[in-house]
Each structure stands twice: as C-alpha cells, then as structure tokens.
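2 protein chains.
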Amino acid sequence: MSSSRNIYLKMKTLREARDLLSDRFALRPAGRGETVAVTKAAGRILAQPVYARLSSPGFHAAAMDGVAVKAEATFGATEANPKILDTGTRAVFVNTGHIMPANTNAVIMIEDILVIDENRIQIEAPAFPWQHVRRMGEDIVATELLFARHHRITAYCIGALLTGGITEVSVLAKPCLFLLPTGPELVDHRQMPEELAPGRVIESNSHVLGQMAKELGAQYIRHDIVTDNFELISQTVSEAAQDPETDMILIMGGSSSGSEDFARQVIESLGEVHVHGVAMMPGKPVVIGEINGKPAFGIPGYPVSAIMAFEQFVTPLICAMLGRAEPEPEIIHVQPTRKIAGRLGMEQFVRVKLGKVGANIVATPLPRGAGTITSITEAHGIIRIDADKEGIREDDTVSARLLKDRRYIEDTIVAVGSHDNAIDVLADLLRAESSRYSLSSSHVGSMGGLMAVKKGLCHFAGTHLLDTHDGTYNISYIQKFLPDVPVRLVRLAEREQGLIVAPGNPKKLSGITDLARDDVVFVNRQSGSGTRVLLDFHLRGAGVDPAAITGYENEEFTHMAVAVAVLGRAADAGLGIRAAARALDLDFIPVATESYELVIPEAFAESGRIRLLTEMIGSAQFIERLHAMGGYHTQNTGRVVWKSHQ
Amino acid sequence: MSSSRNIYLKMKTLREARDLLSDRFALRPAGRGETVAVTKAAGRILAQPVYARLSSPGFHAAAMDGVAVKAEATFGATEANPKILDTGTRAVFVNTGHIMPANTNAVIMIEDILVIDENRIQIEAPAFPWQHVRRMGEDIVATELLFARHHRITAYCIGALLTGGITEVSVLAKPCLFLLPTGPELVDHRQMPEELAPGRVIESNSHVLGQMAKELGAQYIRHDIVTDNFELISQTVSEAAQDPETDMILIMGGSSSGSEDFARQVIESLGEVHVHGVAMMPGKPVVIGEINGKPAFGIPGYPVSAIMAFEQFVTPLICAMLGRAEPEPEIIHVQPTRKIAGRLGMEQFVRVKLGKVGANIVATPLPRGAGTITSITEAHGIIRIDADKEGIREDDTVSARLLKDRRYIEDTIVAVGSHDNAIDVLADLLRAESSRYSLSSSHVGSMGGLMAVKKGLCHFAGTHLLDTHDGTYNISYIQKFLPDVPVRLVRLAEREQGLIVAPGNPKKLSGITDLARDDVVFVNRQSGSGTRVLLDFHLRGAGVDPAAITGYENEEFTHMAVAVAVLGRAADAGLGIRAAARALDLDFIPVATESYELVIPEAFAESGRIRLLTEMIGSAQFIERLHAMGGYHTQNTGRVVWKSHQ
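As you go down the protein sequences, you meet chains A and B in turn. Count the first sequence with numbering that gives the first Met the number 0 and you get residues 0 to 645, in order. Count the second sequence with numbering that gives the first Met the number 0 and you get residues 0 to 645, in order.
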C-alpha cells in the first residue's frame, strides 16, 4: 500500500460518463420477447405491433334501451301527427347492447315512446338512420392496428385487447440484473441477529436496487453475499456473464480503491473498464465497464451512493432496453432555508425536506453523508448543484426534483427548531388521523427555530429557551427576536432535563459540578440550543468554568445523539431529556424541569392543518404516549400560554 | 314496460354523489393489517409506526480508506514539521466501514499520508476529532421512529428498515373488491372463439377495473360471469357481502334501467341504494349503495363508463382505506383543434389526443361514445366540461388531465388529415426505431388536414385532393388554402382507389355507373375527404347524378369504416383503398390510382422528429410493408415532390 498509487482512472464528469454509456451500449430494446396473457400484461411493453382479430361491436348493436325501427318508417311522425307502429314486426323492443333486428337501423329511446297496448306503440318524432345504434366496427375493426410496437400496456389497454379478440401478447422480456453484494462486514438480513457484532452491517443495497429495477420493469437475481475475495467474486461474475439470461452485472461494494476493493480489478480481468470515478457526490466511486458485451458496474457500498449511481447509469440502460424514455422527474422551484455549500468540479445531489409555508416551497437540507440512508428516505426532493457552482445562497430560488407528490409537499406541516421525541409522536398521530397532512421536522435547535419563524420558513418552531434572568421560558426571546411576527405559544409539555450517563452511573456523578472532574468526558449540545442555554445557566449557578469541562466543545444536534455518544462510550455524560436516556436504557440524573413549547405564527394558527395539530396535542392519546416515554409532565399540555400581539 | 316508469332516482350531480360517498363511508383506513417481509413490502402502507431495533452505524466506523489515529496525537503536524506515527499502535490502517480501533477518533485519508517503512507513516497536517468517522447512531438510533404509521414504503425505505434491524412490517391489508360481471351477452376471454356469435361480446371490464384496483394498492376477486338473472346475482352478491374478506362489491353491467338491469334491485333487496344516476358522461347509469355496511356499486357496462365511474367513486374509497390521498392527476393547458359541445347539467369527460405543435399543446377530441374503449386507450388526456358549460370554443384554452407523461406528449408527432393504413405502419416503425418519438393521427379528411396545417395544429397532414381541372393532386389546393404557410409535399405512395364490394361481388358491379342502380346501396365518405372529391369527379365524368345513388348521404370517416359497412351488409359498395378491402377479405373493383402525400410545414421539416419520419418513409422496411398490404405503388415514395415557397 502506498500513497502514490493511481486511485481512480481520470475522473469523468457525469455528462461524460452518461455519454460514454450511450455510445458503448446500443440503447435499444433487446431482442428477447416473451408471450404473456393479456390479463397479466399491464405495465409490460409490446415486442410486436398488435392487430385486432375481432371487430367491436361485431354486429350493429342497440346503443340505448328502447325500440328498434327502420328509420324510414318513422319519417313524418310529429306531436300533432303521431305514428303508430306494430311491435314485433316494425318496432322491436331492445336493450342496450342487443343486436339490431333484421331490417332495422335506428333505436328510439324508451323514454320517447308511448305503449298503446301489447301490440302497438306510438311515436311523436321521426328517427334518423343509425340513431342510437353502435355500428359494427365502430370501436375496433378486425385487422386494424390496436397498438404499435413498444406501446406500454395499461389497465385500459387490457379492455381494448380482449375486446379485439387478443388473449396473449408478445412483450419485451424484463431485462435481468445480476446483483452481487460483496464485503466481509455484510450480514444477510435472513440471519438478522438480536444485536449486531461490532463492525458488521446488514446488507440492504441489493434489495433497494433490486426493487428500483423492478419498478422500472426489469427483474433481478440476487446472489448470496460474497466476502471480499478476488477469485470468488471473479468466478461468480464470470459465470453470470456467460448466462444468456443475464443482461447486466452489478458488483455491489468494493468499487472504491481500498485494499479490499475488487470491483474494478474483477471487471478489468474479465472484460473492460471504461470509467472509474465520476465527479458526482454521492456516487463518486462507481465503476462502469463491460464483460462479454454486457454492462458491468461496480456500485459503491454507501447506500445513497449506490442509489445515485443506479439512477444515473443503470436506469437509462434498463429504460433503453425496454424502449422507453427515462422517467422524467417532476421539478419544482424551492427556496433553501439556509445556504448550501457546493464543491467545484463535483455535481452534488443534496437531499432536502420540502414544505409549503405561505406562498413558498421551502427546502431544508438533510445530512449529506452518503452513508446516511435516512437522508434519502426522509427526503421530499433532491437539489442538484452543478459542478461549476460553488453552492447555493439562502435567497436563491433553485429547482428540486420531487420524490413525493406535489400535494404531499403542499400538505406537509413544516416544523423547524429544537428536537423532542414528542414531535415524532405527533407526526405518527397525525398520520393516523389524517390521510392528508403529515409533519416534517428539522432539528436546528431552539434559536434556529425562532429564526425560521422570523423568515417565514416553517409553520411552527419547538423551543425551550430559558431566560436566565427570571427563569421564564421562550417569551423574552420571542419579544427580542420576533418583535414583528405575531405568534402564539402553545405548551407541548414540561419535561425533565438531566445528565445522561452509562447504566449504573459508573463514574458516580451526582450533578452538574462533577462535569469538571478530570476523569469525566462530556458531550455538549450545539450553541443556540435550549439545552445549551440551560447547561450554561446551571454551570454559572454552580460556579463551574466551561473551560474546565473536558469535551465541552464536542457538539451534538439532538438528545438522542447525546445519548448515543454516552452509549458508545464516546462520553461519560451529556445533558438531555429523560426520554432519550430511557430509550437507550441509560441512567439519568435530573437537573431541571423546563417548558417545551411551540411557537406558532398567528398567520397559520387558524389554518386547517394547525387546528388539527393542536387538537391532537390536546388528545388523551397524545398525553398517554408522552407518559409512556417518561420524563414528561402534561398538566398544561395544549394550553395557549401566551400571545405576542393581543 | 312502460314509458312512465321512474328511470332513475333523482339524478345526483357528481359533486353530490362524491360528498355522499364520503359521508356514508368512514373514509379511513380499515383496521385489517398483515405482516409482510420488508423485502416484499415496497408499495405497501404501514399499519403501525416502525421503530429502529439496531443503530446504524452500530459502532464508530471509518468513513474513508486511510489510517485511524487519536486526533490529539496529530496536533502540531505541518508540512515544515511533519509528524511520524508508528503503525499498529498509534496509526492503524483501516478501510471505509471498518470499526474504529480502540483509542482512535479520527481517520486520515490514504492520499494524505506518506508511508516511510513497514512500521511508520508521516503526516503533514493534524486531524480534528471525529474527522472522517461515521459515529455510532449517526444515521439511525435504536428505538427511534423510522417511519410513522401510514407511511408508504418505497424502494429506499427497504434500505432504512433492514439497516434498522427490521425484517418484517405490519402493513394495511389490501382492500378486496368483489367483481361480478353480469350480462347474457358476455363471453369469458378464456373461451375466446375464432369468431364471435352475433350479439356476443368478450367480457373485459372486470379485468380492466381489477387492474386499476391493483395499481391503487387493492386486490380483487373476479367471480365468473353471471347471466342477467335476479336470483342468481342476488345470491352471489349476498354471499360476497357476508365474507369478512370482502371490502367492496361491484356488480358490473345491468346498472341502467332496461328490462334486464338488476344491479339496483339487487342492492336494494340486500341493502340500501343511495344514488342511481349521476350527471356525468360517460358514467351516468351508476348505482351507489351499501350491503352489510360495505360499499356496493352497480357499474355501467360500457367500458368507458365503467372506467369513469370507477375513477370517480371507487378510487376514493380504496385510497381512503389505504390512508392515502387520491392520485393527483397532472393538469396541463391545451388548445382544442375544434369546438367541443357540452351538455348543460352534465359533466362531460372528453378524451383527447395531445401533441405539442410549435408553442401550443393541441387537443384533438376522440369519439365520445362510452362504448368506444379505444377512445380511452388512444387518449393522451381528458378534458372535463363542467355541467354549467355549454361547451368549449375552438380558441378557448382549457385544462386537461394527462394520461401520459408530459414528455411523451411533447415528443408526439401530430398528424391530422386523411387516413391511410400506411400512416399506422409509419407509427409502428417509428416506435420500433425511436424510444423517444411516437406518431398520433386524427382522421378528419384531406381538407381538414389542410385546415389543421393552416392553424398550426399539426406537424403534417396526409392529403389526396384531386384537382378535377387538370388531374393533379394537392398542389392547387395548397396554393388556394395555404397561401401564407410555406410547406413541402412529400409523396407517401400512389394507391389504388376503387369500389369495395362483398366477396364474390354479389351485385355484379363493374364500375362507378352501377352505383345508380336501384338495387345498390352505397356508403359514402364525408365531404372534404379526398375520396369524396374523387367520387364526385368520376360521377361527373360518367354523367351520374348523385341524387340517383341510394345511400349517397351515408357518410363514414375512414376507409376501414366503409369496408366494415360493406362487410356488415349495411351497404353494397363504397369507394376506398384496396388495402382496406384486402384487410377484410372483400372484393375490389379498381377505379383510379391517386397520389397520397404529406403536407409538411417548412417550420417543422428540418426538426429532428420530421427528419426521422422522412428517413423512415424512405426505408426498405416501410416500402416492404406497403407492398404487403397491397394496392400501393412506391416508385416515388419519400420524394419531395413540391415546395410552396422556393
């Protein structure tokens, strides 16, 4: 191993890599076809044009309930001079769909006739020829083209095909992807353990990409996990490449350049590598090559990288083999809630949460790490930052590709501010009660929440900002920072804050003053967070100098992250809520009880979405679930405790 | 049967009927849930919130290939004063994803180190704590909410669920529809005959609606066809209504008020009918009721009515039971190619073909009969005309609900004009050659085509207009009607026109003069069509008075419709192309050979789509398929025969 080895081939731009892909591989439907029953053919693509075998109607048919007549026999009938027709011979009762009797060419609607007796009817207006008659072949003529080649069969098409006498169709075979997960750290989900051994992870990329392939109309074979062994991977891939049923090979993991990364070597040894490394993030360490004329990929192991590489390079190949255009993403204009850094020379795909606040769709960036699968499952959209851009400013309007329906976005309640597990409970209850609204929360701390309210970027903010002069919560901060925004303050709960420590409290901490001990490592919350304000207040009260606390500069953004740091022994203690300690079976030393409140702009307070939300906060269900989590006091839950502009 | 019976309950407006539906039925997810494997759960809706069981990462993990160090040990390193670290103890080689060794908290990338020897490396910059480390729980913290109740599981979600240690999830059971096709005329497609007996039709609605239900996330049971027998239908429906697995009942057919229409009676006798008849077209004769607390519908038998009734009334119920919003149709603004009549008091759903011509999306109405399944399979969109509107004028801009991707519409080549089977062949070849473009043609005759070119409503028009003064085709008409539009004329083929007659020519016709015989019924083409001009020219030449021809006033819009009229014995003869006669095994008496040409505006002639089209016209494949159809001469096929503005 040496620092001088060639890490990647010359890195390609995304555009170059995609162009190369369409140059190398005939982007046209594969020859293979198969015959399927029409009733099972929805979503498939016709391999051949389909011509009707039967006409529809196959006969002249009554289009209304009534009597069939020869139009010429009715000419001259008027209200003043009605005509009387004999039933059975000159006028025959028919129902919709009946075959027209011989020597008739028009139907008079049942509403327009008067039955005189069993044998006679009277009409007061003439019928014109072919009135209310569906003529033979009106819909489909036998021998005519029903659907051109490469037509995608819809539910509706099933009706036309069966009606045209077609029960089977020849469709393009589903392109078959061979997915090979590699990596010694991987555990198959079918062997899901109670606890994962350190260093192991559940293999999931093959199932994600397999499902993505299925949704595009392809199929996949997932090979069992192979550890990072060159010979074994090579042999497995070689066999797959020989299989005439394999259309594409994806080696998953090991696409980078570490000592256990074999994807490039394997493809090189069996075929040819065209690209190693594309200037995009996530997704950079992708390998694109071919084996036996078939596209072969090294797919990065980080889940978001794998997804991005698949969407950029595998999706277009699948679509081309199915003779269809790439799915066109829906694009909307959004306003970022904060500036987003780019990186010159790299296309960036930034996952964002979206919501409509007032007139604007606002976009809050999610964590950018390619290893963070929740950054894409929680995303409502993706903002693409071009390689020649340094980033996006806060007041730029940019376009985002939608991952959810536009209406879902418009019906999302946007919460920005301090995190509390009670917000997650609200989100769940809301989904249970409403098929329309959902709640999306971004965790930027209490002050961040107030700033979001000020800029009109959220529907409400969760805050717990202690006024260290008078011990009140939130009000003085609102008066100072939001003088011009009418808001109301709704109490969510009082909650216990305290020191989160390892089970059994091994360092025998008794309170805030112990944090200054030499043998204690602390984990802090970010400045601007209510918990940080609370900590500093208590440190001052106890006369402890923050500089004396080891780890005071280690900042986390949520209570759970603090608890995790303690659980993982990165720290001995952190300040957080009891619910977080309880969730991870950690010990808890109470420090204070504080008010956690929602700052709701008056502009939204009476909207349907916020009324529903406040109803939910007042519900017995919600209070029950707070108590189940522990550390919450609910006597004032749901109460409007203050309004800024009475 | 009497004219005075009450045909419908008081007809409801569409709005009233939908409101009644949401009042009567709790539009909330049904209680039933079921457990499914995460790997098979894409598209399903969570019945319960899901909390993570494992953290991810479950340990502090290297985020880069490199060496793991204790950051504090690197402080002070600079280019001028590099630090040397012992490998194995103070610096440990790690690959991405590896567990961080004890007493390390940062990774230095492999690119940034210099290997001195087997035991030592050199660094020239310090690492900061947690640099290039994915900390335990960074992505997912055990116990935290992964997805709220009623979240729809996507491919991406599979990754988060498996990573969070979840292999099974509880999802909402798929609502189950019981579909009962009724009608004595129906034939099951599994007994598809060579020829349908007169009066019989293939049952297809249950398969169309069943597939639509599946695509919404429901499932269905299709009962065998039951003939229109009250007791039998009633007993079958009653049993289904008792079945706890049935969520909804659809009696298909017999929903109107004919003598064999039992849907309303059956629902009335077993439960309650709330609505019979909704002021919408298609879809008017729908029955909405309930049996045993379950929604029960009488679905009209006409295929487009069945689809519209399903979309308006069944879709919202399915979506509500799945806790999701109704799919939101994409809406675009379109310009109709001709005025569209409405009907006061009725909502109208008009199926249209769409295409982008120049800057506008133009909409050409398709046949409006509810029995015409191809009017919805060929549709690109649906224009809704409100009940209080008399119709839409030609220059109104109206909105249409898209049935195809917007890009598909934009890449559609719009042909308006005379119909020729060669146009269908072109459409098929185009789909075979291009994954991008498709061809959509509307048949309004040659003059209609020229008018469409004039108004900028199509990319080209097919015409065969004979100048009866000099025997030339098309040019004089273009000069007269398109003086201001630069166009070129491309020869598609010369084709034979003649009398289409029944096999064996039973009336022993020898030519155009025989059409005046008393025992001969003729079927004509619409005025403005090239074939009509041709007929009139030859009648004049032969000295035949049109008034002497029985059936001269019977107008059809395509060659195939004329052939079908002859096949169905509605007429003894019609003028049309040889290919139409041949397709239906009819006899053909040649009358003339004419030039069928495409009028292409110069504005589009050099566009990618038209170049591709003209390439296709010149191809050997196309010419081969013309010859296979018969009646075409191709020596000038593909030639630009004339340009209007040289």
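Positions of the beta carbon are idealized from the N, C-alpha and C atoms, including for glycine. Predicted model, so just to flag it, every value in this text is computed and none were measured.
| request: Output the distance between the C-alpha atoms of R610 of chain A and V413 of chain A, rounded to the nearest integer angstrom. | output: By 1-based counting over the first sequence, the position of residue 610 of chain A is 611. By 1-based counting over the first sequence, the position of residue 413 of chain A is 414. Straight-line Cα distance between these residues: approximately 14 Å.
| message | Taking CB distances under 7 Å as the criterion, tell me whether K82 of chain B reaches chain A. | response | Walking along the second sequence from the start, residue 82 of chain B turns up at place 83. Not an interface residue.
| Sequence-distant residues of its chain with Cβ nearer than 6 Å to L185 of chain B (five each side left out) | As a working note, residue 185 of chain B is residue 186 in the second sequence. Result list for L185 of chain B: E202, I224, in chain order.
| query | For the alpha helix (DSSP H) that L448 of chain B lies in, which residues bound it at each end? | reply | Counting from one through the second sequence, the residue named residue 448 of chain B turns up at place 449. Looking at the sequence provided, one finds Gly at residue 448 of chain B rather than Leu. Unbroken alpha helix (DSSP H) run through G448 of chain B: 444–453.
| task | Please list the partners that Q634 of chain A has in chain B, where partner means a Cβ-to-Cβ separation under 8 Å. | result | Here residue 634 of chain A refers to the residue found at position 635 when the first sequence is read from its first residue. In chain order: nothing, as chain B lies at least about 25 Å away.
| request: Thinking S254 of chain B and V207 of chain B are a contact (beta carbons under 8 Å), I'd like their distance in whole angstroms, please. | output: Within the second sequence, residue 254 of chain B is the residue found at index 255, counting from 1. Within the second sequence, residue 207 of chain B is the residue found at index 208, counting from 1. With a Cβ gap of about 16 Å, S254 of chain B and V207 of chain B do not count as contacting.
| Start and end residues, alpha helix (DSSP H) containing I232 of chain B | The residue labelled residue 232 of chain B in the question sits at position 233 within the second sequence. I232 of chain B -> alpha helix (DSSP H) spans 229–241.
| query | Looking at the unbroken beta strand (DSSP E) that takes in T592 of chain B, where does it start and where does it end? | reply | Counted from its first residue, the second sequence places residue 592 of chain B at position 593. T592 of chain B -> beta strand (DSSP E) spans 586–600.
| If you check the beta carbons only, do L533 of chain B and Q496 of chain B fall under 7 Å apart? | Here the question's residue 533 of chain B lines up with position 534 in the second sequence. Here the question's residue 496 of chain B lines up with position 497 in the second sequence. It is a contact, given that the beta carbons lie within the stated cut-off.
| field | Span separating the alpha-carbon of G617 of chain A from that of A60 of chain B | value | Your numbering for residue 617 of chain A matches position 618 in the first sequence. Your numbering for residue 60 of chain B matches position 61 in the second sequence. Taking the straight line joining both Cα atoms gives about 42 Å.
| Can you check whether the CB of R221 of chain B is closer than 7 Å to the CB of L249 of chain B? | Indexing the second sequence from 1 puts residue 249 of chain B at position 250. Indexing the second sequence from 1 puts residue 221 of chain B at position 222. No, the Cβ-Cβ distance between L249 of chain B and R221 of chain B is not below 7 Å.
| CB contact check: Y155 of chain B to chain A, cutoff 7 Å | Within the second sequence, residue 155 of chain B is the residue found at index 156, counting from 1. True, the Cβ-Cβ gap to chain A drops below 7 Å.
| query | Is the shortest distance between the beta-carbon of G136 of chain A and the beta-carbons of chain B less than 7 Å? | reply | Taking the first sequence and counting its residues from 1, the one referred to as residue 136 of chain A is at position 137. With 7 Å as the cut-off, G136 of chain A counts as an interface residue toward chain B.
| said: Quick check: is the beta carbon of N5 of chain B nearer than 7 Å to any beta carbon in chain A? | reply: Numbered from its first residue, the second sequence carries residue 5 of chain B at position 6. Interpretation of N5 of chain B is limited by its pLDDT of 44, a score under 50 that renders its predicted location unreliable; no figure is taken from the coordinates.
| query | Any C-beta of chain B sitting closer than 7 Å to the C-beta of G567 of chain A? | reply | Within the first sequence, the letter at position 568 stands for residue 567 of chain A. Judged by the 7 Å Cβ criterion, G567 of chain A is in contact with chain B.
| request: Would you mind giving the Cβ-Cβ distance between V424 of chain B and R624 of chain B, rounded to the nearest angstrom? I have them listed as a contact below 8 Å. | output: Translated into the one-based positions of the second sequence, residue 424 of chain B becomes position 425. Translated into the one-based positions of the second sequence, residue 624 of chain B becomes position 625. With a Cβ gap of about 5 Å, V424 of chain B and R624 of chain B count as contacting.
| message | Could you give the first and the last residue of the continuous beta strand (DSSP E) run that contains T166 of chain B? | response | Along the second sequence, one-based indexing puts residue 166 of chain B at 167. T166 of chain B -> no beta strand (DSSP E), and no H or E assigned at all.
| task | Determine the DSSP secondary structure at K352 of chain A, reduced to helix, strand or coil. | result | Sequence index remark: in the first sequence, residue 352 of chain A carries index 353 (1-based). The answer is strand: DSSP assigns K352 of chain A an E or B state.
| message | Please return the same chain residues whose Cβ sits closer than 6 Å to the Cβ of V35 of chain A, not counting the five positions on each side in sequence. | response | Residue mapping note: residue 35 of chain A aligns to position 36 of the first sequence, counting from 1. Closer than 6 Å at Cβ, skipping near neighbours: V170.
| K388 of chain B: which of B:D394, B:G370, B:A340, B:R350 sits nearest, CA to CA? | Here residue 388 of chain B is taken as the residue at index 389 of the second sequence, counted from 1. Per the Cα distances, B:A340.
| said: Residues of chain B with CB closer than 8 Å to the CB of F58 of chain A, please, in chain order. | reply: What you label residue 58 of chain A is simply residue 59 of the first sequence in a count that begins at 1. Correct list: P197, G198, G567.
| said: I need the straight-line Cα distance from T396 of chain A to A399 of chain B, nearest angstrom please. | reply: For the purposes of this step, residue 396 of chain A is taken as the residue at position 397 of the first sequence. For the purposes of this step, residue 399 of chain B is taken as the residue at position 400 of the second sequence. Whole-angstrom Cα-Cα distance: 28 Å.
| task | Spell out whether any CB of chain B is found under 7 Å from the CB atom of S1 of chain A. | result | Mapped onto the first sequence, residue 1 of chain A falls at position 2. Residue confidence is low: S1 of chain A scores 35 on pLDDT, short of 50, so the model does not pin down where it sits. Its coordinate-derived value is still stated next. Chain B, which has a Cβ nearer than 7 Å to the Cβ of S1 of chain A, makes this yes.
| said: Using a 10 Å radius around the Cβ and a threshold of 16 neighbouring Cβ atoms, would you call E271 of chain A buried or exposed? | reply: Taking the first sequence and counting its residues from 1, one reaches residue 271 of chain A at position 272. Result: exposed.
| said: I believe F459 of chain B touches V598 of chain B by the beta-carbon criterion, under 8 Å. Please report the beta-carbon distance rounded to the nearest angstrom. | reply: Mapped onto the second sequence, residue 459 of chain B falls at position 460. Mapped onto the second sequence, residue 598 of chain B falls at position 599. Yes, F459 of chain B and V598 of chain B are in contact; Cβ-Cβ is about 6 Å, under 8 Å.
| query | Which term fits D385 of chain A, buried or exposed, when burial requires 16 or more other beta carbons within 10 angstroms of its beta carbon? | reply | Residue numbering aside, residue 385 of chain A sits at position 386 when the first sequence is read from its first letter. Classification of D385 of chain A: exposed, given that the 10 Å Cβ count is below 16.
| said: Helix, strand or coil, according to DSSP, for P294 of chain B in the structure here? | reply: Position 295 of the second sequence, counting from 1, holds the residue named residue 294 of chain B. It is a strand residue.
| query | Applying a beta-carbon distance threshold of less than 9 Å, which residues of chain B neighbour G144 of chain A? | reply | Numbered from 1 along the first sequence, position 145 holds the residue referred to as residue 144 of chain A. Correcting the residue type first, residue 144 of chain A is Leu in the shown sequence and not Gly. Neighbours of L144 of chain A on chain B, chain order: N420, D423, V424, A426, D427.
| Residue nearest to H379 of chain A in terms of C-alpha spacing, selected from A:D404, A:R638, A:V356 | Indexing the first sequence from 1 puts residue 379 of chain A at position 380. For the residues A:D404, A:R638, A:V356, the minimum Cα distance to H379 of chain A belongs to A:D404.
| message | Is the separation between the beta-carbon of K506 of chain B and that of D584 of chain B shorter than 7 Å? | response | The count along the second sequence starts at 1 and reaches residue 506 of chain B at position 507. The count along the second sequence starts at 1 and reaches residue 584 of chain B at position 585. Cβ distance not < 7 Å, so K506 of chain B and D584 of chain B don't count as in contact.
| From A:V443, A:S417, A:I408, A:G461, pick the residue whose C-alpha is nearest to that of R435 of chain A; which is it? | The residue you call residue 435 of chain A lines up with position 436 of the first sequence. Closest by alpha carbon: A:I408.
| DSSP three-state assignment for K642 of chain A, whether helix, strand or coil | Translated into positions along the first sequence, residue 642 of chain A becomes position 643. Strand.
| Ordered along the chain, which non-local residues of its own chain (more than five positions away) have a Cβ less than 7 Å from that of V37 of chain B? | In the second sequence, residue 37 of chain B corresponds to position 38, counting from 1. Here the set comprises I157, L160, L161, I165, T166, E167, V168.
| query | Exposed or buried, which one is Q241 of chain B when buried takes at least 16 other CB atoms within 10 Å? | reply | As a first step, residue 241 of chain B must be located in the second sequence, where it is residue number 242. It is exposed - the Cβ of Q241 of chain B has fewer than 16 other Cβ atoms within 10 Å.
| Where are the beta strand (DSSP E) runs, 3 residues long or more, that stay fully inside the segment 405–437 of chain B, in chain order? | 411–416
| field | Where N204 of chain A falls, given that 16 or more other Cβ within 10 Å makes a residue buried | value | The sequence position of residue 204 of chain A within the first sequence is 205, counting from 1. With 16 or more Cβ atoms within 10 Å of its Cβ, N204 of chain A is classed as buried.
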